[in-house]
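Asks: Okay, so the sequence shown: first residue is 2 according to my numbering, each after it adds one.
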Amino acid sequence: MLSEHGNSVCEPGRRPIVPGGTGAAPYPWILTLDIRGLPHRWVTWQAACHYYALDMVAWTIGDSQFLFTGGICRATGLRSEITANSIIAIKGRALRASTLHQVPPLNNRELFHRDRQLCAYCGDSYSGSALTRDHVVPVSQGGRDVWMNVVTACRPCNQRKSNRTPEQARMALLYAPYVPNKAEYLILCNRNILVDQMDFLARHLPRQSRLHMP
Ligand SMILES: [Zn+2]
Numbered sequence: 002m003l004s005e006h007g008n009s010v011c012e013p014g015r016r017p018i019v020p021g022g023t024g025a026a027p028y029p030w031i032l033t034l035d036i037r038g039l040p041h042r043w044v045t046w047q048a049a050c051h052y053y054a055l056d057m058v059a060w061t062i063g064d065s066q067f068l069f070t071g072g073i074c075r076a077t078g079l080r081s082e083i084t085a086n087s088i089i090a091i092k093g094r095a096l097r098a099s100t101l102h103q104v105p106p107l108n109n110r111e112l113f114h115r116d117r118q119l120c121a122y123c124g125d126s127y128s129g130s131a132l133t134r135d136h137v138v139p140v141s142q143g144g145r146d147v148w149m150n151v152v153t154a155c156r157p158c159n160q161r162k163s164n165r166t167p168e169q170a171r172m173a174l175l176y177a178p179y180v181p182n183k184a185e186y187l188i189l190c191n192r193n194i195l196v197d198q199m200d201f202l203a204r205h206l207p208r209q210s211r212l213h214m215p
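1) Could you spell out the range, first to last residue, of the beta strand (DSSP E) harbouring tryptophan 46?
2) Put isoleucine 62 into one of helix, strand or coil per three-state DSSP.
3) What's the C-alpha gap between glutamate 185 and tyrosine 127?
4) Which partner residues does valine 152 have in the DSSP bridge list?
5) Compute the Euclidean distance between the alpha carbons of leucine 107 and phenylalanine 67, then round it to the nearest angstrom.
6) If you run the structure through DSSP and keep just helix, strand and coil, what is threonine 166?
7) Write down the C-beta distance between aspartate 56 and isoleucine 91 rounded to the nearest angstrom, noting that I regard them as a contact closer than 8 Å.
8) On the three-state DSSP scale, how would you describe serine 87?
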């Protein structure tokens, strides 16, 4: 697939893609890898073009390609063009394998996505604005604000549970919390992932990931 974007030219061609949610320009995010193929981070198309221009792209594997056009070179009269792939490995960027398992930052948006927007107590599905972060062991009882101690809960369930553990409140947890790995976190961060990017990241998901569920 070849789509065209540029400083003043925007012809996505196939479908508009809004990276990272609302308000952003309709360009895809590019997935960067380290030199050995470990997923690293999302970058904007501008950053991807920067890597290409500096000859820092070691290899590519994505199915999608995007043509970015820049200004006209005064010397040659030619318009500059860079074709960027949807997945690019950056030279010299060798991450430790343990990086894949580093604990990603905890925030509500990714937490709610981890839990598929289902309340851990009543099991119903809600929009993000109706959900809360519930501490399984309440902070007032020494519970920590970490992935392993938080679940998604609707407001009524969170209020009913109050500052109690599930056992104290007699409210059974319907699913267990877990720590997403790097690949899962990258999926949770980006709601407009291209198919090839998703296929690549899915191969690095931990077995217990709820993203494996249909
Ligand atoms: Zn609920």
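Glycine included, every Cβ here is placed at the ideal spot set by N, Cα and C. On a predicted model such as this, the values are computed, not experimentally measured, just so you know.
Replies: So, from the data block:
1) From DSSP, tryptophan 46 is part of no beta strand (DSSP E) but of the alpha helix (DSSP H) over 46-54.
2) coil
3) 21 Å
4) Asp135
5) 32 Å
6) coil
7) That belief does not hold up - the Cβ atoms of aspartate 56 and isoleucine 91 are roughly 11 Å apart, past 8 Å.
8) coil
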